[in-house]
Structures are given as structure tokens and as C-alpha cells.
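Chemist: Start counting the sequence shown at 163; every next residue gets the next number (our numbering).
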Amino acid sequence: MVIRSTSCRRALAALAAVAIVASAGVASAAVHASLDRDVVHEDDTLRLTLSGDAQGEPDLTPLARDFEILGTQQSHSVSIVNGRVDAKRELEVLLRPKRSGELEIPALRVGDESTTPLTVSVLDAAAAPGASRGTTGAGRGATSAGRGAAGTASN
């Protein structure tokens with residue numbers, strides 16, 4: 163088929179440009195991991211949040227070594243600003259440590275990306291009488307390998 167109309171050629175060129183930009187956005191996908199707090203007691207829970215634009219389902223099996231996975235909650239958002247589509251996904255994982263000590267949230271894979279490992283201090287349950295369960299404090303996070311550290315986590 164031969165396209166003779168100048169407006170059709172321009173429309174096809176614009177469509178091709180959008181496809182190139184969209185594929186470049188996928189190539190720079192990132193996944194971010196954060197904890198709602200750095201210190202918990204052995205019988206307490208903490209929330210791990212995975213967020214970003216990486217494609218694929220996260221592999222949570224590495225968490226089973228030191229944590230019990232109590233539940234997950236997932237959300238998606240899409241925004242279009244000035245013709246630019248931005249899709250974000252967030253997965254919250256409720257965890258309970260299996261033992262006390264310095265425990266690592268290992269690097270978790272989401273598609274072709276992985277998070278940076280995080281550390282949480284788990285205190286012996288008997289070490290803090292009267293400590294309230296389920297409270298949250300300052301969090302911290304890390305981005306995909308090589309992208310640097312983030313600020314505080316949001317609840």
C-alpha cells in the first residue's frame with residue numbers, strides 16, 4: 163500500500179515516535195523496596211512495599227527463610243500528562259520475623275529488575291515489655307541496583 167497523503171504520513175510518523183518513547187520507558191523500568199520501620203520485636207509485624215514500573219510479578223520466595231508472609235495488597239495507577247503515560251504498581255507485603263537478630267530482606271526480582279537488599283533489626287520479644295504492636299516509625303528504602311537510596315517510606 164502506498165501512502166500519498168502528507169497528513170497520513172505525519173500521523174504514522176507521530177505514532178512511530180510514540181511507540182519508540184513508550185518502549186524506552188519500559189527499558190528504564192525500576193523497582194523500589196521500602197520498609198515501614200527499621201526495628202521491630204520478634205512477635206511484631208512490618209510492612210514491605212515494592213513499588214515502581216517494572217513489568218512482571220515479584221518473586222517473594224526468598225523472604226520465607228526469615229519471615230512469615232501474612233498477606234499482600236496490590237494497587238495500580240495510570241496517569242496521562244501531556245500525552246505521556248505513566249503506569250505505577252505497588253505491592254505491600256505484611257511480614258512477621260521468624261527470629262530475632264539482624265535480618266535481611268534479600269534482593270527481590272520483579273521481571274528483569276531487582277531491589278536492593280534491606281536490613282531490619284529484630285529484637286527479642288521479651289526485651290521490650292509493654293511495647294505496642296503494629297506501630298509504625300520512620301522507614302527507609304532502596305531502589306533498583308545502582309540507582310541510589312531513597313528517603314522515607316510513605317504509609
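We treat Cβ as the ideally placed atom computed from N, Cα and C, and that holds for glycine.
Fair warning: this is a prediction, and the values are worked out from it, not measured in the lab.
In angstroms, rounded to a whole number, what distance separates the CA positions of Leu280 and Phe229?
Modeler: For Leu280 and Phe229, the distance between alpha carbons rounds to 13 Å.
Chemist: Rounded to whole angstroms, how far is the Cβ of Ile267 from the Cβ of Leu222, which I believe are closer than 8 Å?
Modeler: At roughly 10 Å, the Cβ-Cβ gap does not stay under 8 Å, so Ile267 and Leu222 are not in contact.
Chemist: Do you know how far the Cα of Val243 is from the Cα of Ala269?
Modeler: Looking at the two C-alpha atoms, the distance is approximately 32 Å.
Chemist: Who are the Cβ neighbours of Thr277 in its own chain at under 6 Å, not counting the five residues just before and after it?
Modeler: Around Thr277: Val193, Ala195, Ala269, Leu270.
Chemist: According to DSSP, is Arg199 part of a helix, a strand, or is it coil?
Modeler: If DSSP states are grouped into helix, strand and coil, Arg199 belongs with coil.
Chemist: Starting from Lys260, trace the beta strand (DSSP E) both ways and give me its first and last residue.
Modeler: Element bounds for Lys260: n/a, residue is neither H nor E.
Chemist: Report the rounded CA-to-CA distance for Gly273 versus Arg251, giving the unit in angstroms.
Modeler: Rounded to whole angstroms, Gly273 to Arg251 spans 13 Å at the Cα level.
Chemist: In its own chain, which residues sit with a C-beta less than 7 Å from the C-beta of Leu264, not counting the 5 before and 5 after it?
Modeler: Leu is not the amino acid found at residue 264; the sequence shown has Glu there. Within the same chain, Glu264 has close Cβ partners Thr281, Ser283.
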